[in-house]
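*Asks:*
Numbering (this note's numbering), first residue to last: 1281 to 1541.
1) Can you tell me which of 1403, 1461, 1377 and 1322 puts its alpha carbon nearest to the alpha carbon of residue 1418?
2) Could you tell me the boundaries of the alpha helix (DSSP H) in which residue 1481 lies?
3) For residue 1468, which residues of its own chain have a beta-carbon under 7 Å away from its beta-carbon, when the five flanking residues on both sides are left out?
4) Spatial neighbours of residue 1342 within its chain, please: CB distance less than 7 Å, with the 5 preceding and 5 following residues excluded, ordered by chain position.
5) Please say whether residue 1363 and residue 1392 have beta carbons closer to each other than 8 Å?
6) Report, in whole angstroms, the separation of the C-beta atoms of residue 1388 and residue 1366, which I expect to be a contact under 8 Å.
7) In terms of alpha-carbon separation, which member of 1333, 1403 and 1440 lies closest to residue 1421?
8) Quick one: is residue 1413 buried, meaning 16 or more other Cβ sit within 10 Å of its Cβ, or exposed?
9) Between which two residues does the alpha helix (DSSP H) harbouring residue 1445 extend?
10) Which residues bound the beta strand (DSSP E) around residue 1459?
11) When the Cα atoms are used, what is the spatial distance from residue 1451 to residue 1370?
12) Within the continuous alpha helix (DSSP H) that includes residue 1431, where are the two ends?
13) How many angstroms separate the CA atom of residue 1432 from the CA atom of residue 1336?
14) At what residue ranges does the region 1354 to 1383 contain a whole run of the beta strand (DSSP E), taking only runs of 3 or more?
15) What is the rounded straight-line gap between the Cα of residue 1429 and the Cα of residue 1395?
16) On the DSSP bridge assignment, give the partners of residue 1437 in chain order.
17) So what's residue 1351 in DSSP terms, helix, strand or just coil?
18) Can you tell me whether residue 1409 is buried or exposed? The criterion is at least 16 other CB atoms within 10 Å of its CB, across all chains shown.
19) Say whether the region 1344 to 1363 touches the region 1321 to 1335, bearing in mind that this needs 3 or more beta-carbon pairs closer than 8 Å, one atom from each stretch.
20) Could you check if residue 1426 belongs to the surroundings of the ligand COA, using beta carbon to heavy atom distance under 7 Å?
21) Excluding the 5 residues preceding and the 5 following residue 1445 in the sequence, name in chain order all residues of the same chain whose CB lies nearer than 7 Å to its CB.
22) Do you know how far the Cα of residue 1397 is from the Cα of residue 1403?
23) Once the 5 residues before and after residue 1495 are set aside, which same chain residues still bring their CB inside 7 Å of it?
24) Suppose you measure from the CA of residue 1553 to the CA of residue 1399; what does that come to, to the nearest Å?
25) Starting from residue 1425, follow the alpha helix (DSSP H) in both directions and report where the run begins and ends.
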């Protein structure tokens, strides 16, 4: 644990330093402020920092991973980490008193871990058990805690004040967190990050190429998607704002990137 704490401290110090250095020139004074994003100067600086890290390290590694990994193996690795994420989903469905969903998640874990060979094969979906992927940010939202300000986390990406608090709960219930062997723990964490980034290669490239302001696009998409997930796909209409995700069904699918919302 001492190694993990030191690593987290170094990452956060480096990221926060880069964000603060870029904060002064982060926004255009003529831009209309979004009330959901009062921390926009900071957020844009961290977004730029994350983007540069992604271009320099994560994307090249993800491209290489995708090229050398056979598609069935890639899909199996994604399924393996999805199976692990179902453990967190069980806890959050119970906390939200969604017992039928919790039962579905338990069934998924049992079937995929046994018949599906530790989750590498998604047998549960094929037998009719949907994946819900509830997290603690959604649980806090279910019990009435507002999203709060949009907040970009160094290295981790889009979030909100509520979802950042929820992220701590997600870590505690993540089975990987309980692994005491540092090399195994960080090896699996690194593999999950690379696998999730590889799955998003096309989507991220489209956003970067098609958006005039990728930061605003990502922010709006994230906030509307999280609102939809908190309300199980049926969010209340936001006055004066079209619902970007109204035609998308998030009922059973996992969140893109798994990261953490």
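All C-beta atoms in this analysis are idealised placements derived from N, C-alpha and C, irrespective of residue type, glycine included. Remember, it's a predicted structure, so these values are computed and weren't measured experimentally.
*Replies:* On the basis of the coordinates in this document:
1) Selected option, being the one with the closest Cα: 1377.
2) 1481 to 1490
3) Excluding residues within five positions, the ones whose Cβ falls inside 7 Å are 1456.
4) 1474, 1477, 1478 and 1481
5) yes
6) 5 Å
7) 1440
8) buried
9) 1441 to 1453
10) That residue, residue 1459, is in no beta strand (DSSP E); it is neither H nor E in DSSP.
11) 14 Å
12) Segment 1430 to 1433 is the beta strand (DSSP E) holding residue 1431; no alpha helix (DSSP H) there.
13) Each residue's Cα considered, the two are about 19 Å apart.
14) Runs of the beta strand (DSSP E) inside the region 1354 to 1383: none found.
15) 43 Å
16) 1433
17) Helix.
18) buried
19) no
20) Of the ligands one can find in the structure shown there are none, so the ligand COA has no counterpart to examine.
21) 1420
22) 9 Å
23) 1324 and 1327
24) Limits of the chain in this structure are 1281 at one end and 1541 at the other, which puts residue 1553 out of reach.
25) Counting along the chain, residue 1425 falls outside any alpha helix (DSSP H), and DSSP gives it neither H nor E.
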